[in-house]
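In my numbering, the protein residues as written are -5 to 73. Note that CB positions come from ideal geometry on N, CA and C, so glycine has one too. Source: prediction; values computed, not measured.
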Amino acid sequence: MTTRTIELSPMDTTAATEYPQLQAMLHSVGGGAWMREVSLTLALAAQAHVALDEQALIYSDVRDLMALQRRLRAATQRS
-5 MTTRTIELSP
5 MDTTAATEYP
15 QLQAMLHSVG
25 GGAWMREVSL
35 TLALAAQAHV
45 ALDEQALIYS
55 DVRDLMALQR
65 RLRAATQRS
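Right, dumping it as structure tokens:
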């Protein structure tokens, strides 16, 4: 098993960052653990004011997303 690191970068607050490919996928998938984790990850990213790589999110499994959520929570607490 390989581990990937998803880099966090400051979000450009002048333009709304959207994830069109990811949003389409979320609507087509319906429900499930992966969808819940992606939705939570996106909410935490918005709260922490960081932009995420949409392709990296699409190919992340639930464990990757949970690890990213921990990093986002830590980034939010530092702010």
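Which one of the options has the shortest CA to CA distance from residue i?
i: L16; options: L34, I52, A61; result: I52
i: D55; options: Q71, A40, A27; result: A27
Do residue i and residue j have their CB atoms nearer than 8 Å?
i: A61; j: A42; result: no
i: Q63; j: L38; result: yes
i: L66; j: E31; result: no
Given that a residue counts as buried once 16 or more other Cβ atoms are within 10 Å of its Cβ, and exposed if not, what is residue i?
i: S33; result: exposed
i: V44; result: buried
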